[in-house]
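Using my numbering, the first residue of the sequence shown is number 8, and each one after it goes up by one. Cβ coordinates follow ideal geometry from the N, Cα and C atoms, glycine included.
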Amino acid sequence: MAMKLRLTRMGSKKRPFYRIVAMNSETRRDGRALEYLGYYNPMVDPAEIKVDGEKVRAWLARGAEPTDTVRALLHKAGI
């Protein structure tokens, strides 16, 4: 069972925001997450990124693999 840190889409049509979540890689994009780690709102200027660093580090220590997009967001957030 491969664990991923990835984005799940929330918000209304044409007004997206994303939650950063930990979930099984086989789960669908908007499926049930194991844990919510933060959010990313690209609709405000500048884009808002809020991440719980302790939870992210714990999941990375357990072997969770971030997607490319989440990896870039974590880098921007300083984690």
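- Each residue's CA atom was taken as its position, placing Arg22 and Lys11 some 25 Å apart.
- Under the three-state reduction of DSSP output, Thr34 falls in the coil class, being neither helix nor strand.
- Exposure of Val51 is indicated by the presence of fewer than 16 other C-beta atoms within 10 angstroms of its C-beta.
- Shown here for Thr15: same chain residues with a beta carbon closer than 7 Å to its own, the five before and five after excluded, namely Tyr25, Arg26, Val28, Arg36, Asp37 and Ala40 in chain order.
- Here the alpha carbons of Lys83 and Gly45 stand approximately 13 Å from one another.
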